[in-house]
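Take a look at the structure below.
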Amino acid sequence: MATKSIQCICPVCAETIQVSGNNCPKCRGAVILNKRYLLVGALGQNKGMTWLAWDLQNKQNVVIKELSVHKLASWKEQELFQREMQILQQLDHPGIPKFIDDFFIGESRRQIFYFVQEHLEGNNLKEEMKGTRFTEKQVLNILLSLLEILLYLQNLRPPVVHRDIKPSNIIRKQDGTLALIDFGAVVDIFRTGDQGSTVAGTFGFMAPEQLFGRAGLESDLYGLGMTAIVLLCRLQPEEMIDASFKINWDRQKSLSEPVKSLLKKMISQTASERPSPEDAIALVKQTLKMLDNPQLALQSAKPESIQVNAEYDKDFKARLGVGVAISLATILVFVLVVVFSFFLS
Ligand SMILES: Nc1ncnc2c1ncn2[C@@H]1O[C@H](COP(=O)(O)OP(=O)(O)O)[C@@H](O)[C@H]1O
Ligand SMILES: [Mg+2]
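Number 305 in the numbering used here belongs to position 303 of the sequence shown; there are no gaps in the numbering.
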């Protein structure tokens with residue numbers, strides 16, 4: 003432990019303290035976790051605490067998620083937390099924080115699990131949206147980045163469903179690229195075989211099937227679609243609910259037709275009608291092109307009428323050709339008749 007005093011949070015009494023030794027000056031509890039980590043600030047408090055911590059060994063910030071057994075409402079919560087640990091350990095993608103360490107302290111009901119991951123410098127999109135008015139193009143680019151991550155997760159064997167995609171679980175790193183965090187609700191569907199029969203996720207971002215504990219690969223497409231809607235409308239899902247509890251998003255803001263049509267597909271109530279990440283990537287790229295060239299949007303909005311017009315055009319030209327030929331022939335006959343009658347007379 004460094005001799006100079008450091009401000010941190012005591013993991014035992016949760017007080018903010020100045021510490022220069024191994025023990026809390028207030029409660030005398032051990033402040034260094036696993037001989038290596040000092041808690042320096044709270045990042046979140048959801049199913050368990052999420053801490054910003056300092057790694058004394060590698061001299062870097064890390065994120066530590068904590069789960070106290072005695073605070074658990076159910077064993078299911080512990081299962082979710084341990085699942086997050088297991089799954090994060092096997093993930094390797096620049097858009098997902100790297101797993102660093104896991105450990106626990108205490109015993110039985112007083113046991114506390116800790117799980118350490120890479121700290122990504124940057125803000126999450128919920129924070130970013132407070133000071134940013136996202137354009138449609140920016141949101142489509144966010145979708146592209148996240149769809150690449152979903153493609154990676156879905157191509158794993160077994161595939162991984164995140165189940166809690168929303169702005170606060172997406173971080174914009176300092177190089178501008180995006181990362182998906184908080185795999186606490188994750189399920190790898192083919193291993194568990196139960197399609198994740200727990201209800202885990204966030205209301206408003208959860209696909210209808212998730213409410214019945216049936217998260218599938220398509221559920222993340224719904225969460226991502228709702229995320230895009232929230233970023234564009236600058237309203238939380240519950241603020242867009244109408245009298246019949248429908249999320250009335252497309253009336254909230256004047257969104258362009260191509261964007262509306264893409265988002266409608268992504269948040270389709272029927273899971274099988276949502277596009278796969280590959281198809282969604284193609285759709286987003288197509289939508290981006292339409293925003294650059296509104297003429298394309300017009301064509302795709304009225305494909306039938308344009309085809310009919312093209313057919314009509316061909317037909318019209320053919321008829322015009324026949325008409326001109328008949329007229330020319332008539333004129334020729336008329337001229338011949340006039341010439342013949344002149345010579346005969
Ligand atoms: N790896 C990370 N790097 C940087 N910030 C993080 C990281 N993990 C979490 N955070 C921040 O902490 C907040 C809460 O963490 P999260 O994993 O989403 O837990 P929960 O939502 O269960 O509280 C996130 O919204 C994010 O701002
Ligand atoms: Mg979260």
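Backbone N, C-alpha and C fix where the C-beta goes; we use that ideal spot for every residue, glycine too.
Exercise. Ends of the beta strand (DSSP E) at R174?
Worked result: Mapped onto the sequence shown, residue 174 falls at position 172. Taken as a continuous stretch (DSSP letters only), the beta strand (DSSP E) holding R174 covers 172 to 175.
Problem set entry | Cutoff 8 Å; reference A44; Cβ partners in own chain excluding five residues on either side | Counted from its first residue, the sequence shown places residue 44 at position 42. Once the five neighbours on either side are set aside, the close Cβ partners of A44 are I11, M51, T52, W53, L54.
For this session: Please list the segments of the alpha helix (DSSP H) lying wholly inside the stretch 11 to 87, counting only runs of 4 or more residues, in order along the chain.
Result: As far as the stretch 11 to 87 is concerned, it has no whole alpha helix (DSSP H) run of at least 4 residues.
For this session: Could you check how far apart the C-beta atoms of Y39 and I66 are, in whole angstroms? I think they sit under 8 Å.
Result: By one-based count along the sequence shown, residue 39 stands at place 37. By one-based count along the sequence shown, residue 66 stands at place 64. Between I66 and Y39 the Cβ distance is about 6 Å, and since that is below 8 Å, they are a contact.
For this session: Give a single yes or no on whether G2 has its beta carbon closer than 7 Å to a heavy atom of ligand 2.
Result: The structure shown does not extend to residue 2, since the chain is modelled only from 3 through 347, so no value can be given for it.
Exercise. Would DSSP call L120 helix, strand or coil?
Worked result: Translated into positions along the sequence shown, residue 120 becomes position 118. Residue 120 is actually Glu in this sequence, not Leu. Three-state DSSP puts E120 in a strand.
Exercise. Since Q156 sits in a beta bridge, which residues does DSSP pair it with?
Worked result: On the sequence shown, residue 156 is found 154 positions in, with the first residue counted as 1. Bridge partners of Q156 according to DSSP: none are assigned.
For this session: Express the C-alpha separation of L182 and I98 in angstroms, rounding to a whole number.
Result: Counting from 1 along the sequence shown, the entry for residue 98 is found at position 96. Counting from 1 along the sequence shown, the entry for residue 182 is found at position 180. For I98 and L182, the distance between alpha carbons rounds to 5 Å.
For this session: Using 7 Å as the cut-off, classify the Cβ of P99 as near or not near the heavy atoms of ligand 1, replying yes or no.
Result: To locate residue 99, count along the sequence shown from 1; it is residue 97. If you check the C-beta of P99 against ligand 1, you find a heavy atom less than 7 Å away.
Exercise. Cα separation between S22 and G31?
Worked result: Position 20 of the sequence shown, counted from the start, is the residue given in the question as residue 22. Position 29 of the sequence shown, counted from the start, is the residue given in the question as residue 31. When only Cα atoms are considered, S22 and G31 end up about 13 Å apart.
Problem set entry | Cβ-based burial, R253 [other Cβ within 10 Å; buried from 16] | If you number the sequence shown from 1, residue 253 lands on position 251. Burial call: exposed.
Problem set entry | Counted within 10 angstroms of its Cβ, other Cβ atoms place H121 as buried (16 or more) or exposed | Counting from 1 along the sequence shown, the entry for residue 121 is found at position 119. That one is buried.
Exercise. Using the rule of at least 16 other Cβ atoms within 10 Å of the residue's Cβ for burial, across every protein chain shown, is A230 buried or exposed?
Worked result: Translated into positions along the sequence shown, residue 230 becomes position 228. Result: buried.
For this session: With a threshold of 7 Å, establish whether the CB of Q364 neighbours any heavy atom of ligand 1.
Result: Because the chain spans 3 through 347 in this model, residue 364 falls outside it and cannot be assessed.
For this session: Could you tell me the distance, in whole angstroms, from the CA atom of Q140 to the CA atom of S110?
Result: Taking the first residue of the sequence shown as position 1, residue 140 is located at position 138. Taking the first residue of the sequence shown as position 1, residue 110 is located at position 108. Cα to Cα, the separation comes out at about 48 Å.
For this session: With hydrogens ignored, establish whether the beta-carbon of Q184 is closer than 7 Å to any heavy atom of ligand 1.
Result: Along the sequence shown, read from residue 1 onward, the residue named residue 184 stands at position 182. Residue 184 is actually Asp in this sequence, not Gln. Relative to ligand 1, the nearest heavy atom lies less than 7 Å away from the CB of D184.
For this session: Have a look at Q176, D57, K291, Q62 and flag the residue whose alpha-carbon is nearest the alpha-carbon of N143.
Result: Start at 1 with the first residue of the sequence shown, and residue 143 comes out as number 141. The shortest Cα separation from N143 among Q176, D57, K291, Q62 belongs to K291.
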